[in-house]
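One structure is given below, encoded as structure tokens.
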Amino acid sequence: MKYLLFFLPTILFGQVPTYNGTSFLGEHNGYYYYKSNNTFNWSGAQEDVKTIDTSFDLISIHTQQEQDFLFSVCPSGMHWIGFTDTTSEGDFIWTDGSPVDFVFWDINEPNNSTAGNEDWTLFGYGHLGSWNDGTNYTWDKYPYLFKVEKIVPPPPPQPKYTEVKIYPTMVNRSVYYKTKVEFPIEYVSTVIKVYLHSESGMLVSYKETVVNDELMEFDLPWVSQSMCYLTVVVGGKKYFEKIIVVE
Ligand SMILES: [Ca+2]
Ligand SMILES: [Ca+2]
Numbered sequence: 000m001k002y003l004l005f006f007l008p009t010i011l012f013g014q015v016p017t018y019n020g021t022s023f024l025g026e027h028n029g030y031y032y033y034k035s036n037n038t039f040n041w042s043g044a045q046e047d048v049k050t051i052d053t054s055f056d057l058i059s060i061h062t063q064q065e066q067d068f069l070f071s072v073c074p075s076g077m078h079w080i081g082f083t084d085t086t087s088e089g090d091f092i093w094t095d096g097s098p099v100d101f102v103f104w105d106i107n108e109p110n111n112s113t114a115g116n117e118d119w120t121l122f123g124y125g126h127l128g129s130w131n132d133g134t135n136y137t138w139d140k141y142p143y144l145f146k147v148e149k150i151v152p153p154p155p156p157q158p159k160y161t162e163v164k165i166y167p168t169m170v171n172r173s174v175y176y177k178t179k180v181e182f183p184i185e186y187v188s189t190v191i192k193v194y195l196h197s198e199s200g201m202l203v204s205y206k207e208t209v210v211n212d213e214l215m216e217f218d219l220p221w222v223s224q225s226m227c228y229l230t231v232v233v234g235g236k237k238y239f240e241k242i243i244v245v246e
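Its first residue numbered 0, the sequence shown is counted upward by one per residue in numbering that gives the first Met the number 0.
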């Protein structure tokens with residue numbers, strides 16, 4: 000949580016988050032990419048990325064474009080990635096649980112060489128950053144790669160309402176105009192105030208109600224003017240104002 004609080008401001012202001020002991024490599028397809036400054040064996044790399052944030056994992060790679068991007072920002076040296084077949088020899092899986100939909104093994108890899116002890120994967124072994132399965136001895140020290148999904152703050156809810164088409168309806172011998180207003184889901188259960196003003200600014204109708212549906216229907220009293228103003232206030236703030244042309 001403390002990390003979230005620490006990084007939240009930079010995320011909100013659209014700046015690239017930074018993490019101690021790592022270098023930012025670039026941004027691609029909604030993710031920020033990083034490499035560790037220090038070297039580790041695979042287990043140490045896995046442990047280290049979790050000390051940055053327990054939700055982080057060693058990188059998973061899913062498309063040729065992603066592989067090409069990584070090679071462009073990381074063209075030399077080998078780097079650990081989160082691809083391992085420790086559970087079942089020959090069945091490599093991503094430690095972040097994502098599907099295995101792309102591989103970029105070097106020629107004749109993975110070969111589970113070194114007395115059958117190659118269960119961990121290095122990016123950057125061969126041509127264009129191709130991969131090799133390697134060992135995880137304490138002396139197998141390399142930097143690792145990880146990526147962080149870019150958080151785009153959601154846009155503030157926009158007033159969304161059907162064209163305020165009103166139609167006369169008889170209710171208890173009075174003529175009402177029905178108005179349909181659409182609310183974003185986050186407004187459900189919110190108390191709103193609905194005002195109807197005449198063209199001259201006179202308050203014709205006032206109603207306080209709770210949004211109980213994303214589509215609310217209001218009964219508005221008949222007004223003699225050809226035009227009136229519908230104002231909806233949420234939490235003391237004007238949510239929208241709509242000029243209604245009475246047909
Ligand atoms: Ca293996
Ligand atoms: Ca190998």
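C-beta atoms are modelled at their ideal positions from N, C-alpha and C, and glycine is treated no differently. Keep in mind that this is a model prediction, so the values were computed, not measured.
Handout entry: Proximity of W119 and G128 at Cβ, strictly below 8 Å
Key = Here residue 119 is taken as the residue at index 120 of the sequence shown, counted from 1. Here residue 128 is taken as the residue at index 129 of the sequence shown, counted from 1. Their beta carbons are not under 8 Å apart, which means W119 does not touch G128 by this criterion.
Problem - Cβ-heavy atom distance, E108 to ligand 1, below 7 Å - result: As a first step, residue 108 must be located in the sequence shown, where it is residue number 109. The answer is no for E108.
Practice task
Run the proximity test for N305: is its beta-carbon closer than 7 Å to any non-hydrogen atom belonging to ligand 1?
Solution key: Not covered by the structure: residue 305. The range shown for the chain is 0 to 246.
Exercise for the section: Pick out whichever of A114, S188 and S35 has its Cα sitting closest to the Cα of T208. Expected result: Taking the sequence shown and counting its residues from 1, the one referred to as residue 208 is at position 209. That would be S188, whose Cα lies nearest to the Cα of T208.
Handout entry: Environment of A44 [buried if 16+ CB atoms lie within 10 Å]
Key = Translated into the one-based positions of the sequence shown, residue 44 becomes position 45. Looking at its Cβ environment, which holds 16 or more other Cβ atoms inside 10 Å, A44 is buried.
Problem - Distance cut-off 7 Å: N131 Cβ against heavy atoms of ligand 1 - result: Sequence index remark: in the sequence shown, residue 131 carries index 132 (1-based). Not so, every heavy atom of ligand 1 lies at least 7 Å from the Cβ.
Practice task
May I ask you to check if the CB of E88 is nearer than 7 Å to at least one heavy atom of ligand 2?
Solution key: For this step, residue 88 is matched to residue 89 along the sequence shown. No - ligand 2 has no heavy atom lying nearer than 7 Å to the Cβ of E88.
Problem - Through-space distance from P74 to P142, alpha-carbon basis - result: To locate residue 142, count along the sequence shown from 1; it is residue 143. To locate residue 74, count along the sequence shown from 1; it is residue 75. For P142 and P74, the distance between alpha carbons rounds to 13 Å.
Exercise for the section: Measure from the alpha carbon of G34 to the alpha carbon of each residue in F122, Y186, V210 and E216, then state which is nearest. Expected result: Translated into the one-based positions of the sequence shown, residue 34 becomes position 35. Reading the sequence as shown, one finds Lys at residue 34 and not Gly. If we check each option's Cα against that of K34, F122 comes out closest.
Practice task
To the nearest angstrom, report how far apart T62 and S97 are at their CA atoms.
Solution key: Against the sequence shown, residue 62 aligns to sequence position 63. Against the sequence shown, residue 97 aligns to sequence position 98. Going by the C-alpha atoms only, they are around 13 Å apart.
Handout entry: Residue closest to S71, alpha-carbon to alpha-carbon, out of Y32, V48 and E108
Key = Locating residue 71 in the sequence shown gives position 72, counting from the first residue. Here the closest residue by C-alpha is Y32.
Handout entry: Distance CB(P135)-CB(E108) smaller than 8 Å
Key = Your numbering for residue 135 matches position 136 in the sequence shown. Your numbering for residue 108 matches position 109 in the sequence shown. Checking the displayed sequence, the identity of residue 135 turns out to be Asn instead of Pro. Result no, Cβ atoms of N135 and E108 do not sit closer than 8 Å.
Problem - V48 in three-state terms, based on DSSP - result: Here residue 48 refers to the residue found at position 49 when the sequence shown is read from its first residue. Of the three classes helix, strand and coil, the one that applies to V48 here is helix, per DSSP.
Handout entry: Residue-level contact to chain B via CB, I58, 8 Å cutoff
Key = Here chain B cannot be found, since the structure has a single protein chain.
Practice task
Just tell me which of V210, K192 and N211 has its CA closest to the CA of L202.
Solution key: Within the sequence shown, residue 202 is the residue found at index 203, counting from 1. If we check each option's Cα against that of L202, K192 comes out closest.
Practice task
Taking 8 Å as the cut-off, decide whether the C-beta atoms of F68 and F82 are in contact.
Solution key: As a working note, residue 68 is residue 69 in the sequence shown. As a working note, residue 82 is residue 83 in the sequence shown. No; because the gap between Cβ atoms is not below 8 Å, this pair is not in contact.
Exercise for the section: Using alpha carbons as the reference points, say which of T21, H27, H196 and N28 lies closest to D47. Expected result: Counting from 1 along the sequence shown, the entry for residue 47 is found at position 48. Answer by Cα proximity: T21.
Handout entry: ligand 1 heavy atom lying under 7 Å from the CB of E117
Key = Residue mapping note: residue 117 aligns to position 118 of the sequence shown, counting from 1. For ligand 1, at least one heavy atom lies less than 7 Å from the Cβ of E117.
Handout entry: Closest by C-alpha distance to W104, when choosing among T94, D95 and G89
Key = Looking up residue 104 in the sequence shown gives position 105. The shortest Cα separation from W104 among T94, D95 and G89 belongs to G89.
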